[in-house]
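Participant: Protein chains in written order, with our numbering: chain A, 1 to 201; chain B, 1 to 171. Think of the CB as a built atom: it goes at the ideal place given N, C-alpha and C, for glycine as much as any other residue. None of the values given here were measured: they were computed from a predicted structure. One structure, pasted below without further comment.
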Amino acid sequence: MTGTATGPAVESASDPLDQATRRRHTARWAAGGALVVGAALVALLATRPPETATEVATPLVGQVAPRLVGPTVTGATFDLATLRGRWVVVNFFASWCAPCQQEQPELVAFAYAHRRPGQAVLVGVVFDDAASTARAFMRSTGATWPAVVDRGGQIGLDYGVRGPPETFLVSPGGTVVAHFDGPMTSASLDYWLGRAIGGGR
Amino acid sequence: MSGVPARGARRWTWVALVVVVGVALGVGASPGSPAPTTAQRVAAIDALVRCPSCEGISVADSSASTAVAIRQAVTARVHAGQSDAQIDAFLVSRYGPSILLRPPVGGATAWVWVLPPVAVAVGLACLAVVFWRRRRPPPVTVTDEDRALVARALAARLVDADDGANVGRGA
């Protein structure tokens, strides 16, 4: 050992102090790296936009939209079949659902942007909520589109709705073109509408 | 008249006992009433439909609004004379195959059934190969070089032993 060092094996084992320093350095680098990754994750999650809708592939997409007939919260009668020839956005909502509250101003903006006759129309379906509270929710947010009361939840079942908000895009021919889970924005609705029109359905 | 019954009578008692037990077992083992009532059918279907807005429980066990709606629809369809398969098909056409707690085998779901046994078989085969190799070490071929090496080492040992003996004697 104390003689002339002749190989790499002898050299590396010769200085345990140096080895310990190197190990400490490695630990410091690892800790620093973990800190940076953690900080980046926090920054990413903090600056991310709030929860948005995702398109979901359900059996109804591409099929004829199920019957949607019933009284609205204001006492009128509604039938989806009367809207043939127009793009329809069917939105299942409830006043107790926080993402629906987040989504509502966006829907109001969308309805206003598409207020001209012949343009896309919005239809709400009350999901597991009283007609009176749903009506108050619509009025307080300035929503003027029809909101159908789904007594017994049979419309929600026909559309395969699991929990609000869920939104369907129905073509002028009465076909379900897309199904979304989560709160929509006016911009995302425009995007999907443009895509659907471009798709020629 | 009184006392131990005659030998023939006792034999007939045994025969009657065997007949009674046989008939009872036969009746008991055969399936019950062939046609379940509508309520029984509704309950059976509800127990195998997943509540769409819950986590892993059937609509029979849930009071969620979606579960109530599905129970109503199932009841209405059973009363309308639809078969279990028709009702399952209707629910699948709305929610997808995951609505059934016992999804049908076929397509992508078939892999769920096929893959685990295949994985187990492959794993067992690998283990068998590993153990088989370990038990039978590869045959060693001795070269002339090896022999020379051993001879040299032995010679060196002999010299060392001689030295050691000399030192020991000297001490």
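State yes or no: is the beta carbon of Thr75 of chain B nearer than 8 Å to at least one beta carbon in chain A?
Facilitator: For Thr75 of chain B, the answer is no, since every Cβ of chain A falls outside 8 Å of its Cβ.
Participant: Is DSSP giving Ala124 of chain A helix, strand or coil here?
Facilitator: Sequence check: residue 124 of chain A is Gly here, not Ala. Three-state DSSP puts Gly124 of chain A in a strand.
Participant: Rank A:Val42, A:Ala53 and A:Arg135 by C-alpha distance to the C-alpha of Trp192 of chain A and give the top, closest one.
Facilitator: With distances taken between Cα atoms, Trp192 of chain A lies closest to A:Ala53.
Participant: Between Phe78 of chain A and the rest of its own chain, which residues show a CB-CB distance below 8 Å, the 5 nearest in sequence each way excluded?
Facilitator: Counting only Cβ-Cβ distances below 8 Å, and skipping sequence neighbours, we find Leu68, Val69, Gly70, Pro71, Thr72, Val123, Pro146 and Val148.
Participant: Is there a C-beta anywhere in chain A that falls below 8 Å from the one on Ala69 of chain B?
Facilitator: Closer than 8 Å to some Cβ of chain A, the Cβ of Ala69 of chain B qualifies, so yes.
Participant: Closer than 8 Å, Cβ to any Cβ of chain D: which residues of the region 153-165 of chain A, in chain order?
Facilitator: Here the protein chains are A and B, and chain D is not one of them.
Participant: If we count Cβ pairs, one from each stretch, closer than 8 Å, do we get three or more for the region 68-82 of chain B versus the region 151-160 of chain A?
Facilitator: Yes, they touch.
Participant: What number of angstroms, rounded off, separates the C-alpha of Tyr95 of chain B from the C-alpha of Phe180 of chain A?
Facilitator: Approximately 14 Å, taken between the alpha carbons.
Participant: Can you give me, in chain order, the residues of the region 36-67 of chain B that have a beta carbon less than 7 Å from any beta carbon in chain A?
Facilitator: Within the region 36-67 of chain B, the qualifying residues are Pro52, Ser53, Ser65 and Thr66.
Participant: With 8 Å as the threshold, decide whether the Cβ of Pro59 of chain A is near any Cβ in chain B.
Facilitator: Closer than 8 Å to some Cβ of chain B, the Cβ of Pro59 of chain A qualifies, so yes.
Participant: Runs of 4 residues minimum, wholly inside the region 103-168 of chain A: which ones carry the alpha helix (DSSP H) assignment?
Facilitator: With a minimum length of 4 residues, the continuous alpha helix (DSSP H) runs that stay inside the region 103-168 of chain A are 131-141 and 154-158.
Participant: Out of A:Thr133, A:Gln101, A:Val121 and A:Pro117, state which residue places its alpha-carbon closest to the alpha-carbon of Val170 of chain A.
Facilitator: Checked all of A:Thr133, A:Gln101, A:Val121 and A:Pro117; the closest Cα to Val170 of chain A is A:Val121.
Participant: Helix, strand or coil for Ala46 of chain A? Go by DSSP, reduced to three states.
Facilitator: Residue state, collapsed to three classes: helix.
Participant: Under the DSSP definition of a beta bridge, which residues are partnered with Ala187 of chain A?
Facilitator: Beta-bridge pairing links Ala187 of chain A to no other residue.
Participant: Mind listing the chain B neighbours of Asp128 of chain A? Cutoff is C-beta to C-beta under 7 Å, in chain order.
Facilitator: The answer, in chain order, is Ser65.
Participant: Beta carbons nearer than 9 Å to chain A: which residues of the region 79-101 of chain B have them?
Facilitator: Residues passing the 9 Å Cβ filter: Leu91, Val92, Ser93, Arg94, Tyr95, Gly96, Pro97 and Ile99.
Participant: Drop a sphere of 10 angstroms on the beta-carbon of Gly7 of chain A, count the other beta-carbons inside from all chains shown, and report buried for 16 or more, exposed for fewer.
Facilitator: Any reading at Gly7 of chain A must be qualified, since the residue scores a pLDDT of 46, below 50, and its modelled position is unreliable; no value is offered.
Participant: Is Ser58 of chain B helix, strand or coil by DSSP?
Facilitator: Note: Ser58 of chain B maps to strand in three-state DSSP.
Participant: Report buried or exposed for Ser98 of chain B, applying the criterion of at least 16 other Cβ atoms within 10 angstroms of its Cβ.
Facilitator: With fewer than 16 Cβ atoms within 10 Å of its Cβ, Ser98 of chain B is classed as exposed.
Participant: Alpha carbons only, please: which of A:Gly118, A:Glu103, A:Ala113 and A:Leu60 is nearest the one belonging to Phe137 of chain A?
Facilitator: It is A:Glu103.
Participant: Look up Thr82 of chain A in the DSSP assignment and say whether it is helix, strand or coil.
Facilitator: Helix.
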